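Heads up: the sequence shown begins at 1 in UniProt numbering, then just goes up one per residue.
Structure first, commentary second.
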Amino acid sequence: MGRGRPTARHVRGRTCPQGGRSRGMKAVLLADTDTDLYSTDIPTVDFIGSCYFTEICKCKLKNIACLKCGNIVGYHVISPCKPCLLSCNNGHFWMFHSQAVFGINRLDPSGVNVLLWGNLPDLEESTDEDTSCISEEEYIR
1 MGRGRPTARH VRGRTCPQGG RSRGMKAVLL ADTDTDLYST DIPTVDFIGS
51 CYFTEICKCK LKNIACLKCG NIVGYHVISP CKPCLLSCNN GHFWMFHSQA
101 VFGINRLDPS GVNVLLWGNL PDLEESTDED TSCISEEEYI R
């Protein structure tokens with residue numbers, strides 16, 4: 001997979017595999033490129049706690065928790081700071097800590113090829129959000 005061609009991922013909680021997204025992708029923290037994250041364009045999480053700011057930038061953040069188990073799994077960028085907004089980003093504001101979740105490559109409809117993010121169905125067309133039937137073989141990939 002070349003740079004600029006992100007793959008779609010199933011994103012699962014490390015302690016709660018029932019909670020998760022099927023519209024996730026691997027991401028990198030803009031303010032610290034050594035920090036790996038996962039991101040999504042639509043959440044299955046809820047806010048927890050108060051808003052806060054990082055020491056690195058002025059983005060306004062709020063922690064997010066899994067709707068199934070309540071564990072904190074990442075954060076939502078409530079209001080991005082100007083430098084982050086103007087930098088190269090994927091447009092996702094729901095970020096998941098790699099210590100709290102893991103990603104599994106999604107396959108295209110043929111079941112053979114890895115699905116690229118750009119080939120995901122539109123949100124209105126997407127009916128695959130129930131990922132309780134991910135095959136054991138796909139988890140191993």
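For every residue, glycine included, the Cβ atom is placed at its ideal position computed from N, Cα and C.
Remember, predicted model here, so these are calculated numbers, not experimental data.
To the nearest angstrom, how far is it from the Cα of residue i to the Cα of residue j?
i           : j           : result
residue 21  : residue 11  : 5 Å
residue 109 : residue 55  : 43 Å
residue 36  : residue 119 : 23 Å
residue 16  : residue 57  : 31 Å
residue 23  : residue 91  : 13 Å
residue 50  : residue 62  : 6 Å
residue 105 : residue 82  : 32 Å
residue 25  : residue 5   : 11 Å
residue 95  : residue 39  : 5 Å
residue 76  : residue 93  : 6 Å
Along the chain, where does the beta strand (DSSP E) containing residue i start, and where does it finish?
i          : result
residue 37 : 36-40
residue 46 : 45-47
residue 72 : 72-79
residue 97 : 94-97
Report back the beta-carbon spacing between residue i and residue j to the nearest angstrom; my notes put them in contact at under 8 Å.
i          : j           : result
residue 8  : residue 115 : 4 Å
residue 65 : residue 48  : 4 Å
Reducing DSSP to helix, strand and coil, say where residue i ends up.
i          : result
residue 24 : strand
residue 85 : helix
residue 63 : strand
Could you tell me which residues DSSP pairs with residue i in its beta bridges?
i           : result
residue 107 : 114
residue 14  : Answer by DSSP bridge pairing: none, since residue 14 is not bridged.
So does residue i have its beta carbon nearer than 8 Å to some heavy atom of the ligand SAM?
i           : result
residue 107 : As presented, the structure is devoid of all ligands, the ligand SAM included, so that no description of it is given.
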